[in-house]
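Colleague: Residue numbers (our numbering), protein chains in the order written: chain L, 1 to 160; chain W, 161 to 418.
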Amino acid sequence: MTTILCLTVNGAEMRAEAAADLRLVDLLRDRLGLMGTRTGCETAQCGACTVHPDGAPVRACTLLAWQAEGGRVTTIEAIGTAMALHPMQAAFRDRHALQCGYCTPGMVMTALALVAASPDPTEAEIRHALKGNICRCTGYRNILAAIRDGAARLRGEDCR
Amino acid sequence: MTGLRLIRPRRPAAARAMLAAEPGAVAVAGGQLVVPALWRRELRPEVLVDLSTALEAGIEPVPGGLRIGAGATLAALGRDAAAARILPLLPLLLREVTDPAVRSRATLGGSLSARERGSDLAALCLALGATVETTAGRQAATDWHAEPAPPRRDRLVLALHLPAATAAAHVKLLDPASRYPELALCLAEGDGMRRAALSGRMLDRPRLLPADDLPDDAGRLGAPCMRVPRRWSRHGASQRSRWSTAARSRQHERRPRA
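(1) For the alpha helix (DSSP H) containing His128 of chain L, name the first residue and the last one.
(2) Using DSSP bridges, identify the partner residues of His52 of chain L.
(3) Taking the runs of the beta strand (DSSP E) that are 3 residues or longer, which of them lie wholly in the segment 269–322 of chain W?
(4) Kindly confirm or deny that the segment 267–276 of chain W and the segment 186–194 of chain W touch, where touching means at least three C-beta pairs closer than 8 Å.
(5) Which runs of the beta strand (DSSP E) spanning at least 3 residues fall entirely within the segment 178–218 of chain W, listed in chain order?
(6) Quick one: which chain W residues come within Cβ less than 7 Å of Leu63 of chain L?
(7) For Pro119 of chain L, count neighbouring C-beta atoms within 10 Å of its own C-beta (all shown protein chains included) and say buried if the count is 16 or more, exposed if not.
(8) Determine the chain L residues that contact Ser279 of chain W at a beta-carbon separation under 7 Å, and present them in chain order.
(9) Closer than 8 Å, Cβ to any Cβ of chain L: which residues of the segment 303–334 of chain W, in chain order?
(10) Identify whether Arg93 of chain L lies in helix, strand or coil by the three-state DSSP scheme.
(11) Less than 8 Å between C-beta atoms, sequence neighbours within five positions excluded: which residues of the same chain meet that for Ile219 of chain W?
(12) The alpha helix (DSSP H) spanning Ile143 of chain L covers which residue range?
(13) Using the three-state DSSP reduction, which class does Met362 of chain W fall into: helix, strand or coil?
(14) Can you tell me whether DSSP reads Ala357 of chain W as helix, strand or coil?
(15) Assuming Val58 of chain L and Arg265 of chain W form a contact by the criterion Cβ under 8 Å, report the distance between their Cβ atoms to the nearest whole angstrom.
(16) Asp137 of chain W versus chain L: which residues are under 7 Å apart at the beta carbon?
(17) Given Ala16 of chain L, which residues of its chain have a CB within under 7 Å of its CB, disregarding the five upstream and five downstream residues?
(18) Since Leu179 of chain W and Ala187 of chain W are thought to touch, with beta carbons under 8 Å apart, how far apart are those beta carbons, to the nearest angstrom?
(19) Is the CB-CB distance between Leu288 of chain W and Pro323 of chain W below 7 Å?
(20) Using the Cα positions of Ala18 of chain L and Leu64 of chain L, report the straight-line distance between them to the nearest angstrom.
(21) For the beta strand (DSSP E) holding Arg227 of chain W, just list the boundary residues, first then last.
(22) Going by CA-CA distance only, name the one from W:Ala283, W:Glu307, W:Gly184 that's closest to Leu203 of chain W.
(23) So Met14 of chain L and Leu166 of chain W are supposed to be a Cβ contact under 8 Å. How far apart are they, rounded?
(24) Quick one: what's got a C-beta closer than 6 Å to Asp210 of chain W's C-beta in the same chain, skipping five residues either side?
(25) In this structure, how does DSSP classify Thr110 of chain L when only helix, strand and coil are distinguished?
(26) With H, G and I counted as helix, E and B as strand and the rest as coil, what does DSSP make of Asp158 of chain L?
(27) Taking the alpha carbon of Pro87 of chain L as the reference point, which residue from L:Val108, L:Glu69, L:Cys135, L:Arg72 has its own alpha carbon closest?
(28) For Ala236 of chain W, does the three-state DSSP call read helix, strand or coil?
(29) Comparing the C-beta of Pro57 of chain L with each C-beta of chain W, is any distance below 7 Å?
Shown next as structure tokens:
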């Protein structure tokens, strides 16, 4: 049994036919070609698939597509482009906060949710926000520095 | 394409009736436990019952405590001002439940029903003497957690009534990979009341501690080592909790008595 879903993805309204067990991450990647949202553990442990349905960070692997119906989903594709990085993405690049880069979209989406709630986060707040995001390359120190830096850039300060 | 059907009842009674009538039905509220289980093929339902419309999500002060609708997300509960005023331990405890992205969808009802994974709130419910409101009436949290593991198709959780406490503390050990609680200990004090409870995957079910075993003070909660008695163990063997290696979280608050 399939239903027709209506939702807004990165500002564009869309309709999609979806089975009841189609996950949001599969809708985004397989149907809409938005491959920036990664699939990692697929059990809400690693945070690589973090997106923002209606503003709050959510794991796209742990949400069925129909649960996002009628909502506004923001993915990493709406944050910045290779030619025009978002300040948080630029901070990740400048602070060497990625190596393989697989976890980075999820890290950036989590960081943006954090700074939306707390524009000048403490290190403890950043560590708490990153509890559900796993990076196997960097050891996290540069990620912490990048989020502090990205938050400062978004406040109009520049720590470089 | 799958044959899986999606049903979206508008009222709790209709949702309960659908779950009772369809042996292959699985309820989905926030989906944070169900969706990974679907993906792992641990659940192979024929019908998904969407509870998001049927369940109440309100959080309201009531005489002597707090009433929380089963559809309230753990994130909403953790930032609710009335809940924090009545039970300051609650936001501290919820901050340590999985991570912010999961909390933004996970519901109170789902957490109370998460028996196999070890509910994060079970020890708190028992220590406070909470009451679970279901479509079949009210029952004490001790009875709710004493029953065999789900699926319970005869009733749906509608709300949780949490009594206020003058002091409460909660400490837990987490499985380092899954972040589910291996063992949690909660101590609560109120007017003439003093109770402690244990919960977590290490136990066969959440349990109130005998009065003789209670720590002297909530602030002393979290001894470096605790032994789970063999008769309480899920695996039928005595287990020493790994306080030294597992991730630990500890919350403690005390308010002056009114």
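Each residue gets a CB set at the ideal place from its N, CA and C atoms; glycine is no exception.
Modeller: Let me spell this out:
(1) 123–129
(2) L:Thr74
(3) 291–294, 297–300
(4) yes
(5) List check, beta strand (DSSP E) in window: 185–188, 207–210.
(6) Gly191, Val195, Arg265
(7) So Pro119 of chain L ends up on the exposed side.
(8) In chain order: nothing, as chain L lies at least about 16 Å away.
(9) none
(10) helix
(11) Within the same chain, Ile219 of chain W has close Cβ partners Leu226, Arg227, Ile228, Gly229, Ala232, Ala236, Leu237, Asp240, Ala242, Ala243.
(12) 141–154
(13) coil
(14) strand
(15) 6 Å
(16) Outside the shown range of chain W (161 to 418) lies residue 137 of chain W, about which nothing can therefore be said.
(17) Leu5, Leu27, Arg31
(18) 6 Å
(19) yes
(20) 10 Å
(21) 225–229
(22) W:Gly184
(23) Wrong, their Cβ atoms sit about 19 Å apart, outside the cutoff.
(24) Arg168, Val188
(25) In this structure, Thr110 of chain L counts as helix in the three-state DSSP scheme.
(26) coil
(27) L:Val108
(28) Helix.
(29) Taking CB atoms only, Pro57 of chain L has a neighbour in chain W less than 7 Å away.
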